[in-house]
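Asks: If you use the numbering used here, the sequence shown corresponds to residues 241 to 627, in order.
Using N, Cα and C, we set each Cβ at its ideal position, and we do this for glycine too.
Small disclaimer: the values here were computed from a predicted structure and weren't measured.
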Amino acid sequence: MDAAVRPHIHLPVYGSPEEVVASLEPSYPVFCVRRHHISAVAEQFLEGFPGDVLYAVKCNPEPHMLKTLFDGGIRHFDTASLAEVALVAEQLPGATSYFMHPVKSRAAIRSAHQVYGVRHYVVDHVTELEKIAQIIPKGPETVIVVRVAIHYEGAVYELSSKFGAPVAEAIALGKAALGLGYRYGVAFHVGSQCLDGEGFIQGLQLVDEVIRGVGTDPVCVDVGGGFPGEYLNSMGQEMESYFSSIQKGLSSLSLPEDCTVMCEPGRALCVDGESLITQVHLRKDDALYLNDGMYGSFIEEKYNLHLPVRPVTTRSFSDAHQEYTLYGPTCDSLDIFPRTVSLPVDLEEGDWIEFDRIGAYGAACRTHFNGFFANTFVEVTNNFGES
Ligand SMILES: Cc1ncc(COP(=O)(O)O)c(C=O)c1O
C-alpha cells in the first residue's frame, strides 16, 4: 500500500508542542504523538508479562500506534471487528489477530476465517458457538476462547454485565467446543482501569474452576486488559505488581507447558502515547470555548478520568491560576467538560492548551459531529510540560 493511503505513519517531528504551535499556528486540534512512551511501555509488557501480549486495537487504531507497537516487538493483536482484523493484516504483515468480540456477524466470522486465517474466536454464549460451527470447519486449528464473567469492583469501568458467561455456562461452552472438534481456551476481562492486581487473581480462580469443570487442559488462558493509565484522579499500582499478581494467580493453576498465557492491554500501552493541543476560540468571563470537546477526543474526561492540562507557553502567562469552565466546539450545550480546570488567569482567545494522556480511547472515540474532527497528528520528542 503506498504512503498516500497510509496516513499518520511518517509524522512530522517537532521538539515540543511549542514548536508545533510556532510552526503550524493551528486553529484545529493537534495530536502530539510521543513514540518514546509507547515503545517504553511495550518493552515493559514484553519483559514483564509472563506470556503473549496482544494489543487491544480498539483502544487506539491509529496507524502510528500500531506501527510503533509492532516496531517495539508486539506481534499479537486483539481485534474486535472485521475492520480491525483487516487493518492489522494490511498494515502489519506477519502479525496475528485474535477475534475477541463475543458477538460477531456471520459475514465477519466467514471473512476472518477464510480471508485472514484468524484462528482464535471468543464466545460467551452457546448460540455464538453454534454460529461459528456453521461457518468454520471443525478441527483443532480453530481455538474457541470461552469468556467467563468476573465482577470486580476494583475496576473503574466494569465490562462483565454485557459480556462473559457464568462459570457453569463457561464450562458447558468449553465442553461443547471440544465436542465439536475445536480446541478451547479461557478468558476474562477484569474491567478497564483496574486499580490493583487482585482482580487478576480472582479472574484466574474462575479460570481454574472452568478448567476443572471442563476436565481438559485449555490451549490458552487470556487474562484480558484492564491495566491502568495514570490520570490525575485515578492511579493504579506499578505495572510490575499486576504482573506479579498474574504470576501468583497462574502458579495456583496447573497449566500444561504448552498452554499459552495471553493478555489484551489497550489503555496501558497507549495512554501516554498522545497528548492533544487545543486552541481557545473564545473567552467569555470564566468560560473557555475550545476546538475539541465531549463529542471529540475527550471521552475519558466525559467519564470522569481527569487528564493533566497546561497552557502551551507560546508567550508568558501569569503565575496566578483560576478555575475555568471548558466548552467544546459543537452547538450542543452538553458539549461541556464535567469539571472545571485550573489554568492561568490571563488566558485569551488564540492561546493553546495541551491535554496529556489522551492516547487511550481519545482519538478512537472522536466523532464527526457538527463538522468537527481532530485529525492532525505530529510527533514530539519531549515529555509533557518539559521545556
Ligand atoms: C475484550 C477486550 N479486551 C481488551 C480490552 C482493552 O481493555 P483496556 O483498555 O482496559 O486494557 C477491552 C476493552 O474494552 C476489551 O473489551
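1) What do you reckon, is the C-beta of residue 334 under 7 Å from a heavy atom of ligand 1?
2) Under three-state DSSP, which class holds residue 560?
3) Could you check what DSSP says for residue 449 in three-state terms: helix, strand or coil?
4) Quick check on the burial criterion: 16 or more other C-beta atoms within 10 angstroms. Buried or exposed for residue 505?
5) Counting Cβ pairs closer than 8 Å, one from the stretch 582 to 596 and one from the stretch 509 to 517, do we hit at least three?
6) Look at the Cβ atom of residue 462, then the Cβ atom of residue 385, and state whether they are nearer than 8 Å.
7) Quick one, which of 612, 544, 552, 574 has its alpha-carbon nearest residue 532's?
8) Would you decide whether residue 300 is buried or exposed? Buried here means 16 or more other CB atoms lie within 10 Å of its CB.
9) So is the beta-carbon of residue 282 under 7 Å away from any non-hydrogen atom of ligand 1?
10) Spell out the partners DSSP gives residue 261 in its beta bridges.
11) Do the stretch 453 to 462 and the stretch 259 to 278 touch if we need at least three Cβ pairs shorter than 8 Å?
12) Does DSSP put residue 479 in a helix, in a strand, or in coil?
13) Would you check if the distance between the CB atom of residue 509 and the CB atom of residue 278 is smaller than 8 Å?
14) Can you determine whether any heavy atom of ligand 1 sits closer than 7 Å to the C-beta of residue 299, and answer yes or no?
15) Closer than 7 Å by C-beta to residue 460: which residues in its own chain qualify, once you throw out the five before and the five after it? Chain order, please.
16) Mapping DSSP to helix, strand and coil, what is residue 606?
17) Looking at the structure shown, is residue 460 part of a helix, part of a strand, or coil, going by DSSP?
18) Assess contact between the stretch 255 to 273 and the stretch 285 to 294, defined as three or more Cβ pairs (one per stretch) separated by less than 8 Å. Is contact present?
19) What does the alpha-carbon distance come out to for the pair residue 345 and residue 267?
20) Once the 5 residues before and after residue 626 are set aside, which same chain residues still bring their CB inside 6 Å of it?
21) Hey, is residue 347's beta-carbon within less than 8 Å of any beta-carbon in chain B?
22) Say whether the stretch 542 to 552 touches the stretch 330 to 343, bearing in mind that this needs 3 or more beta-carbon pairs closer than 8 Å, one atom from each stretch.
23) How about residue 310 and residue 332: are their beta carbons less than 8 Å apart?
24) Please specify which runs of the beta strand (DSSP E), each continuous and at least 3 residues long, are wholly inside the stretch 326 to 350, giving them in chain order.
25) Does any heavy atom of ligand 1 sit closer than 7 Å to the C-beta of residue 364?
26) Would residue 388 pass as a contact of residue 352 if the rule is Cβ separation under 8 Å?
27) I'd like the span of the beta strand (DSSP E) that includes residue 582, first residue to last.
28) When DSSP labels each residue in this structure, what does residue 256 get in the three-state scheme?
29) If you draw a straight line from the alpha carbon of residue 587 to that of residue 429, how long is it in whole angstroms?
30) Tell me which same chain residues have a C-beta within less than 6 Å of the C-beta of residue 471, skipping the five on either side of it?
31) Could you tell me whether the Cβ atoms of residue 568 and residue 535 are closer together than 8 Å?
32) Taking the beta strand (DSSP E) that residue 293 falls in, what are its first and last residues?
33) Name the two residues that bound the continuous alpha helix (DSSP H) containing residue 391.
34) Can you tell which of 469, 444, 452 has the C-alpha that lies nearest to the C-alpha of residue 485?
35) Here's the rule I'm using: 16 or more other beta-carbon atoms within 10 Å means buried, otherwise exposed. How should residue 242 be labelled?
Replies: The short version:
1) no
2) coil
3) helix
4) buried
5) yes
6) yes
7) 612
8) With 16 or more other Cβ atoms within 10 Å, it is buried.
9) no
10) According to DSSP, residue 261 bridges with nothing at all.
11) no
12) helix
13) yes
14) For ligand 1, a non-hydrogen atom lies closer than 7 Å to the CB of residue 299.
15) 383, 385, 425, 499, 500, 502
16) coil
17) strand
18) no
19) 41 Å
20) none
21) No chain B is present in this structure, which holds just one protein chain.
22) Not touching, per the Cβ criterion.
23) yes
24) 336 to 339
25) no
26) no
27) 581 to 584
28) coil
29) 43 Å
30) 545, 546
31) yes
32) 292 to 296
33) No alpha helix (DSSP H) holds residue 391; DSSP gives it neither H nor E.
34) 444
35) In this prediction, residue 242 has a pLDDT of 44, which is less than 50 and means its spatial position is unreliable; what the coordinates show is noted afterwards. Looking at its Cβ environment, which holds fewer than 16 other Cβ atoms inside 10 Å, residue 242 is exposed.
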